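Asks: Pasting a structure below so you can have a look.
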Amino acid sequence: MVTSPAPVHPAATLRGTPVVPGLAHGPVVLVAQEVSADAVEAYGDGGHADAEAALAAYDAAAGAVADGFAAKAARAGGAAAEVLTASAGLTRDKGLRQAVASRVEGGMPLLDAVHEGVAQFVDVFTAMGGLMAERATDLLDIERRLVARLVGAPEPGVELPDVASVLVASDLAPADTAGLDPALVLALVTEKGGATSHTAIIARQLGIPCVVGVAGALMLEPGAMALVDGTAGTVDPSADPAEAQARVEADRAARAALEAWTGPAVTTDGVRVKLLANVADGESARHAAEAPVEGIGLFRTELCFLDRRDEPSVEEQAKIYGEVLEAFRGEGRYVVVRTLDAGSDKPIAFATLDDEENPALGVRGLRVAALHPELLERQLDGIAEAARSTGTQTWVMAPMVATVDEARDFAARVRGRGLKAGVMVEVPSAALLADRMLEVVDFLSIGTNDLTQYAMAADRLAADLAHLTDPWQPAVLQLIATTAAAGRAAGKSVGVCGEAAADPLLAVALIGMGITSLSMASAAVRAVGAQLSAVSMDTCQKAAEAALAAADPMAGRDTVRAVVAG
Ligand code: PEP
Ligand code: MG
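So for the sequence shown, our numbering puts the first residue at 9; every next one is plus one.
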């Protein structure tokens with residue numbers, strides 16, 4: 009057989025953390041993220057007559073930047089609009105202006121004053137940790153935009169390409185990613201950032217294939233073609249164009265077919281897998297009720313109270329929880345309500361300690377109830393009342409449980425109200441003692457986001473630690489397998505409700521380990537259900553063995569993909 013010579017391709021495949029599945033093939037556009045150095049030099053000290061004139065220039069620049077954010081927020085929607093509106097507010101923040109003003113009044117040139125003023129806030133936010141630390145990226149983005157406005161340069165960020173392209177950046181700020189047109193942005197690739205970064209959240213919302221934490225991404229040649237695989241986490245600058253195009257089209261067809269999947273999830277040998285949804289309030293619960301799910305596996309109650317200064321009354325709580333339960337009334341359906349997971353990345357004014365050195369390892373989740381048992385008691389009263397008034401089957405679980413005593417005490421309070429009691433497995437100690445936990449509770453639910461953070465000692469929001477905060481880490485999978493085995497031995501439910509459940513490939517391995525339910529964002533349900541319905545239980549078990557035996561997350565994904573492909 010005669011074959012034509014293989015084309016010479018200069019670059020090797022790059023790998024990172026897959027965030028949004030899907031294939032895309034297109035020209036690379038590198039996102040410029042700095043203001044032109046020449047323009048900054050030409051501006052110098054700005055030549056302002058006095059401090060008042062310098063501050064007037066600052067106010068004009070801040071107003072223009074904030075207006076830009078607000079305009080983008082108006083065009084965007086959902087999570088994107090929220091982050092953009094928050095950035096607009098941060099740009100107009102009086103404290104930030106004061107930090108700049110005091111320096112300018114002390115004789116500092118305006119650009120230096122902006123830099124130092126922002127740095128002061130970045131330090132404060134970073135020290136707070138969690139979600140507040142994430143805002144540091146937003147502040148640095150605001151600084152670049154303020155400087156651009158002051159020196160008369162274009163604001164840095166994404167210039168929408170004329171042709172559909174693969175956007176490649178170091179890390180993207182919300183303003184860069186919000187409002188992106190999926191018709192022109194085929195895929196997003198960043199060098200930094202983890203699965204919970206803003207890039208990831210917004211890419212998920214827009215359904216744009218996305219890979220983060222890709223070392224060497226900025227070395228890709230602008231204009232050259234690249235094949236991005238948001239499932240495998242690869243960026244291939246040397247893919248054969250015809251082959252790449254065929255794979256992209258096959259992927260598009262497969263994803264269109266997924267939309268038609270209506271459930272239930274049943275393996276090819278007839279084992280039914282329970283799929284559930286993660287929700288934050290009544291609206292998301294009603295939306296979830298349209299997906300092929302049997303119930304809610306995680307109702308994050310603290311998300312109802314992020315903007316509340318004071319604790320809502322029992323009656324008000326019952327009404328809020330009742331809205332969620334109402335969406336899942338009926339035979340065979342149920343809702344797992346999680347009690348307040350206040351603290352760390354989700355500060356709640358009425359339930360979070362202010363000045364902790366290390367909030368992720370501090371008084372968060374159920375630990376708050378040790379200090380304020382009345383808070384938990386009133387929340388359980390509200391949940392019990394909502395369960396009574398709706399008649400929905402209601403399970404209640406606690407977050408951040410570390411000891412069997414905590415689990416026993418919590419279960420007694422929940423059962424005392426006639427409800428089914430469980431705890432989350434988010435702390436490695438709970439996984440290691442899963443068998444003893446199951447002696448005192450009715451079910452376990454594994455929060456893989458925190459379990460990964462605590463098992464790997466890596467902040468789940470840290471942009472540089474995405475390779476560690478990956479649930480495919482064999483150590484994390486080992487803890488999950490231990491917990492699932494304890495559940496099987498006790499004959500009790502052990503679900504997964506962290507982001508890991510939304511990964512179709514990992515879902516296969518989790519079911520093979522003996523996990524009894526998977527709870528995820530409702531947008532992910534069809535892809536997971538269709539994948540599980542295409543494999544046998546034997547394949548699931550082989551996938552579990554392969555994932556557990558793998559040397560690292562990349563090897564795990566590769567071997568499980570091979571097992572699933574048969
Ligand atoms: C988890 O930690 O995996 C989890 C589901 O809880 P949250 O993401 O709300 O901390
Ligand atoms: Mg958690």
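We put the beta carbon where it would ideally sit given N, CA and C, even for glycine.
Since this is a predicted model, take the numbers as computed values, not measurements.
Does the distance from the C-beta atom of glutamine 128 to that of alanine 107 stay below 8 Å?
Replies: Going by C-beta atoms, glutamine 128 is nearer than 8 Å to alanine 107.
Asks: Helix, strand or coil for leucine 487, going by three-state DSSP, please let me know.
Replies: The answer is helix: DSSP assigns leucine 487 an H, G or I state.
Asks: Take the Cβ of threonine 242 as the centre, count every other Cβ of all protein chains shown within 10 Å, and call the residue buried at 16 or more, exposed below.
Replies: Classification of threonine 242: buried, given that the 10 Å Cβ count is 16 or more.
Asks: Rank Gly114, Leu175 and Lys200 by C-alpha distance to the C-alpha of leucine 469 and give the top, closest one.
Replies: Minimum Cα distance to leucine 469 is reached at Lys200.
Asks: Please find out if some non-hydrogen atom of the ligand MG comes closer than 7 Å to the beta-carbon of asparagine 286.
Replies: Checking the Cβ of asparagine 286 against the ligand MG gives no.
Asks: Anything with a beta carbon under 6 Å from a heavy atom of the ligand PEP counts; list them all in chain order.
Replies: Result: Leu306, Arg308, Asp349, Glu434, Gly455, Thr456, Asn457, Asp458, Cys505 and Gly506.
Asks: Can you tell me whether DSSP reads isoleucine 216 as helix, strand or coil?
Replies: Coil at isoleucine 216, not helix or strand.
Asks: Got a sec, what are the start and stop residues for the beta strand (DSSP E) arginine 255 sits in?
Replies: Where arginine 255 is concerned, there is no enclosing beta strand (DSSP E), although the alpha helix (DSSP H) it sits in stretches over 249-267.
Asks: How should glycine 564 be labelled, buried or exposed, when 16 other C-beta atoms within 10 angstroms of its C-beta is the threshold for buried?
Replies: Result: buried.
Asks: Can you check the stretch 292-341 for any beta strand (DSSP E) of at least 3 residues that lies completely inside it and give the ranges in chain order?
Replies: Fully enclosed beta strand (DSSP E) runs of 3 or longer: 303-308.
Asks: Pop quiz: valine 171 and valine 197 are said to be a contact at Cβ under 8 Å. What is the actual Cβ separation, rounded to whole angstroms?
Replies: Contact flag wrong, Cβ pair sits at about 17 Å.
Asks: Any heavy atom of the ligand MG closer than 7 Å to the beta-carbon of proline 407?
Replies: Yes, the beta carbon of proline 407 sits closer than 7 Å to at least one heavy atom of the ligand MG.
Asks: Flag this pair as yes or no: are the beta carbons of methionine 521 and alanine 509 separated by less than 8 Å?
Replies: Against a cut-off of 8 Å, the Cβ pair of alanine 509 and methionine 521 comes out as no contact.
Asks: In angstroms, rounded to a whole number, what distance separates the CA positions of glycine 24 and alanine 466?
Replies: Between glycine 24 and alanine 466, the C-alpha separation is close to 17 Å.
Asks: To the nearest angstrom, report how far apart alanine 262 and leucine 31 are at their CA atoms.
Replies: About 11 Å.
Asks: Kindly give me the distance between the Cβ atoms of alanine 285 and glycine 305, rounded to whole angstroms, as I take these residues to be in contact under 8 Å.
Replies: Rounded, the Cβ-Cβ distance is 7 Å, consistent with contact.
Asks: Going by DSSP, which residues form a beta bridge with phenylalanine 451?
Replies: In the DSSP output, where bridge partners are listed per residue, phenylalanine 451 has Gly430 and Ser501.
Asks: Terminal residues of the continuous alpha helix (DSSP H) containing histidine 123?
Replies: Taken as a continuous stretch (DSSP letters only), the alpha helix (DSSP H) holding histidine 123 covers 118-136.
Asks: Which residues in the same chain as alanine 532 place their Cβ atom closer than 7 Å to its Cβ, once the five residues preceding and following it in sequence are excluded?
Replies: Closer than 7 Å at Cβ, skipping near neighbours: Ala510.
Asks: Tell whether a beta-carbon distance below 8 Å holds between proline 436 and arginine 346.
Replies: It is not a contact, given that the beta carbons lie outside the stated cut-off.
Asks: Tell me the rounded alpha-carbon separation between leucine 526 and alanine 191.
Replies: Whole-angstrom Cα-Cα distance: 32 Å.
Asks: With DSSP run on the structure shown, which of helix, strand or coil describes proline 29?
Replies: Reduced to three states, the DSSP call for proline 29 is coil.
Asks: Check the DSSP bridge columns for valine 343 and list the partner residues they point to.
Replies: For valine 343, which the question treats as bridged, DSSP gives the partners Ile304 and Thr402.
Asks: Comparing alpha-carbon positions, which option in Gly351, Phe313 and Gly303 lies nearest leucine 333?
Replies: Taking only the C-alpha atoms, the option nearest leucine 333 is Gly303.
Asks: DSSP puts serine 525 in a beta bridge; with which residues?
Replies: Paired residue(s): Lys282 and Gly503.
Asks: Mind checking which residues open and close the alpha helix (DSSP H) that includes aspartate 1?
Replies: The requested residue 1 does not occur in the structure, where the chain is confined to residues 9 to 574.
Asks: Thinking C-beta only, is valine 166 closer than 8 Å to leucine 226?
Replies: It is not a contact, given that the beta carbons lie outside the stated cut-off.
Asks: Hey, glycine 506 and proline 479: beta-carbon distance below 8 Å or not?
Replies: Cβ atoms of glycine 506 and proline 479: closer than 8 Å.
Asks: Would you decide whether lysine 550 is buried or exposed? Buried here means 16 or more other CB atoms lie within 10 Å of its CB.
Replies: Result: buried.
Asks: Which term fits glutamate 337, buried or exposed, when burial requires 16 or more other beta carbons within 10 angstroms of its beta carbon?
Replies: Residue identity differs from the one stated: residue 337 is arginine in this sequence, not glutamate. Looking at its Cβ environment, which holds fewer than 16 other Cβ atoms inside 10 Å, arginine 337 is exposed.
Asks: So the candidates are Val193, Ala109, Ala50 and Gly537; which of them puts its Cα closest to the Cα of glutamate 60?
Replies: Comparing Cα-Cα distances from glutamate 60 to each of Val193, Ala109, Ala50 and Gly537, the minimum goes to Ala109.
Asks: By Cβ distance below 7 Å, which residues in the same chain neighbour proline 169 in space, the five residues on each side in sequence not counted?
Replies: Here the set comprises Val37 and Leu192.
Asks: What's the C-alpha gap between alanine 557 and leucine 513?
Replies: Looking at the two C-alpha atoms, the distance is approximately 16 Å.
Asks: Between valine 28 and glycine 231, how many whole angstroms is the CB-CB distance? I'm expecting something under 8 Å.
Replies: Actually they do not touch by this definition, with Cβ atoms about 24 Å apart.
Asks: With distances taken between CB atoms, is the gap from proline 35 to serine 173 smaller than 8 Å?
Replies: Cβ distance < 8 Å, so proline 35 and serine 173 count as in contact.
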